[in-house]
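The opening position of the sequence shown corresponds to residue 1 in this note's numbering, with each subsequent residue numbered one higher.
Note that the Cβ used here is the ideal one computed from N, Cα and C, for glycine as well.
What follows is a set of notes on a single structure, which appears directly below.
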Amino acid sequence: MSFSRMLIFFFSRLIVLITAKSSLPPLYFCLDKGYFSNDSTYESNLNGLLSTLSSNPEINHTGFCSTSLGQNDDDTVNAIALCRRDITTKECISCIDVATRVFPEICPNQKESILWYDICMLRFSNRSISRKMEIDPSMGFFNNISVPESERTQFYTALSELMDNLASRVKFADSRHNFAAGNVSLGSNKALYVMVQCTPDLAGERCSDCLFLAYDYIISYGSTGGKVFAPSCQLRYEMYLFFEPDALDMSEPPQVRPTPPISPTISTSSPPTRTSGTIGNVKKLNILFSLFM
Ligand SMILES: *[C@@H]1O[C@H](CO)[C@@H](O)[C@H](O)[C@H]1NC(C)=O
Ligand SMILES: *[C@@H]1O[C@H](CO)[C@@H](O)[C@H](O)[C@H]1NC(C)=O
Ligand SMILES: *[C@@H]1O[C@H](CO)[C@@H](O)[C@H](O)[C@H]1NC(C)=O
Ligand SMILES: *[C@@H]1O[C@H](CO)[C@@H](O)[C@H](O)[C@H]1NC(C)=O
Ligand SMILES: *[C@@H]1O[C@H](CO)[C@@H](O)[C@H](O)[C@H]1NC(C)=O
């Protein structure tokens with residue numbers, strides 16, 4: 001199956017927000033899959049994970065960690081933390097740090113929830129979430145500029161070809177580096193930039209499955225730029241460069257991107273800081289969510 005000839009899938013729960021901004025406030029879903037009580041073992045296990053994730057050596061070394069804490073089935077908390085591969089280790093740690101601080105405030109007492117910043121993701125659940133391809137819940141952000149009718153064929157041909165290339169690179173990539181970014185010319189000085197990433201615990205085929213679903217959504221929406229966040233993958237495309245250019249490597253698979261050195265700063269996304277503004281965004285988003293859900 002290729003992106004140029006794909007089947008139609010549907011997200012079971014996809015939220016669309018139209019945004020003019022390139023940097024995002026925290027996005028989250030409280031999944032209402034059960035609640036824990038204060039002062040329970042579950043809570044102390046959750047707090048244990050929250051307080052140690054940003055200093056987890058796996059986060060420091062790979063930008064990803066899938067871990068759990070608990071002695072018994074009913075008090076075990078599972079977590080996944082993931083950073084975008086094109087950011088620096090410092091930005092990654094800082095993003096996870098902010099996410100772990102914000103987390104208890106966004107979905108208090110919920111056993112399962114997920115939070116995304118533009119550059120990192122954090123998930124918790126009482127069930128095992130490791131090595132599972134999950135697309136629900138997902139969220140799509142698109143700009144308000146549609147691809148003109150006359151340019152659609154060229155645009156989607158270029159996009160699907162680039163997606164094929166990127167998905168095959170992710171498929172063959174080292175499991176710790178499930179990230180690929182690339183660009184393709186659209187003629188007359190225009191170009192398309194695309195970035196894909198899966199949680200590194202997914203096998204390549206499962207990663208492609210997730211990206212297909214995200215891509216399907218992009219096609220049905222028809223904007224010139226946007227991003228889709230799912231628990232297992234992320235896809236972003238724009239008509240401008242939004243990722244670290246060092247991540248741009250159009251070489252053929254099975255090229256493995258080496259662990260990126262500490263790279264210069266990224267212009268499009270700064271690590272979130274924990275301010276009252278951040279929390280304010282969370283509250284504001286909550287209202288948006290209820291409008292769109
Ligand atoms: C998670 O918690 C919910 C609600 O308390 C419970 O119904 C479910 O069985 C738990 N799942 C696991 C895997 O323990
Ligand atoms: C648990 O404690 C927090 C903070 O003290 C409070 O906001 C929340 O309502 C409590 N939850 C329950 C279920 O009592
Ligand atoms: C991350 O790892 C590097 C090299 O292994 C080490 O020097 C650094 O102190 C670590 N940073 C944190 C925050 O743990
Ligand atoms: C897109 O959104 C921006 C910012 O809100 C607005 O200024 C612009 O007029 C919108 N463009 C279209 C085509 O709706
Ligand atoms: C992709 O981007 C790089 C760096 O900006 C540029 O040198 C290259 O020409 C671009 N390729 C296409 C096909 O647009």
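Rounded to whole angstroms, Cys210 and Pro104 show a C-alpha spacing of 28 Å. Where Arg206 is concerned, the enclosing alpha helix (DSSP H) starts and stops at 204-221.
Taken in chain order, the complete alpha helix (DSSP H) segments of 4 or more residues contained in the stretch 70-111 are 89-106. Within 10 angstroms of the beta-carbon of Asp118 lie 16 or more other beta-carbons, which makes it buried.
Within 6 Å of the C-beta of Val184 there is at least one heavy atom belonging to ligand 5. In the three-state reduction of the DSSP assignment, Leu46 falls in the helix class. One thing to note: Ile96 has its Cβ within 7 Å of the Cβ of Leu53.
When C-alpha distances from Leu115 are compared across Tyr240, Thr88, Pro231, the shortest belongs to Pro231. With a cut-off of 8 Å on Cβ pairs, the stretch 184-194 is not in contact with the stretch 204-219, counting fewer than three such pairs.
Lys227 is bridged by DSSP to Phe141, Arg236. Taken from the Cβ of Ala191, at least one heavy atom of ligand 5 lies inside 6 Å. In the three-state reduction of the DSSP assignment, Thr67 falls in the strand class. Note on Ser113: 16 or more other CB atoms within 10 angstroms of its CB, so buried under the neighbour-count rule.
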